[in-house]
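In my numbering, the protein residues as written are 437 to 535. Glycine included, each C-beta is placed from N, C-alpha and C at the ideal position. In what follows, a structure is listed as structure tokens, so that the remarks can point back to it.
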């Protein structure tokens, strides 16, 4: 299954309103945009990835009350968030072959 075959989440989960999903994604993109401006000569791909993951996690924790529908269900390294009561978690697994 290729990415262009996937339906937007709001088409099969009505609680994930398109506007709320787009707002959440915009918040995440805004954080990730800042990574470019905070690079260090000693950065590796691993350190950039860890920083990106943690910056997003910290941003969501700090802005939980101002992002519509967002609730942080757990705030640890394997954090789980809910958008309009739908639990979500980031994963590095392949969508065709999850672990």
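Which residues does DSSP pair with residue i in a beta bridge?
{"i": "residue 530", "result": "533"}
{"i": "residue 510", "result": "516"}
{"i": "residue 504", "result": "Beta-bridge pairing links residue 504 to no other residue."}
{"i": "residue 523", "result": "518"}
Following the continuous alpha helix (DSSP H) through residue i, name the residue where it begins and the one where it ends.
{"i": "residue 455", "result": "454-469"}
{"i": "residue 442", "result": "Looking at the DSSP string, residue 442 is not in any alpha helix (DSSP H), and its letter there is neither H nor E."}
{"i": "residue 489", "result": "481-498"}
Leaving out five residues before and five after residue i in sequence, what residues of the same chain have Cβ atoms less than 8 Å from its Cβ?
{"i": "residue 520", "result": "451, 452, 453, 456 and 505"}
{"i": "residue 463", "result": "495, 496, 499 and 503"}
{"i": "residue 475", "result": "484"}
{"i": "residue 511", "result": "493 and 497"}
Under 7 Å from any heavy atom of the ligand SAM, does the C-beta of residue i make it?
{"i": "residue 446", "result": "For the ligand SAM, the structure offers nothing, since it holds no ligand at all."}
Looking only at its chain, what residues have a beta carbon closer than 7 Å to the beta carbon of residue i, apart from the 5 residues adjacent to it on each side?
{"i": "residue 488", "result": "468 and 471"}
{"i": "residue 508", "result": "496, 497, 500, 515 and 517"}
{"i": "residue 446", "result": "452, 453, 454 and 457"}
{"i": "residue 437", "result": "Caution is warranted here: a pLDDT of 49 is assigned to residue 437, below 50, making its placement in the model unreliable, and the coordinate value is therefore given only provisionally. The answer, listed in chain order, is 531 and 532."}
Once the 5 residues before and after residue i are set aside, which same chain residues still bring their CB inside 6 Å of it?
{"i": "residue 535", "result": "529"}
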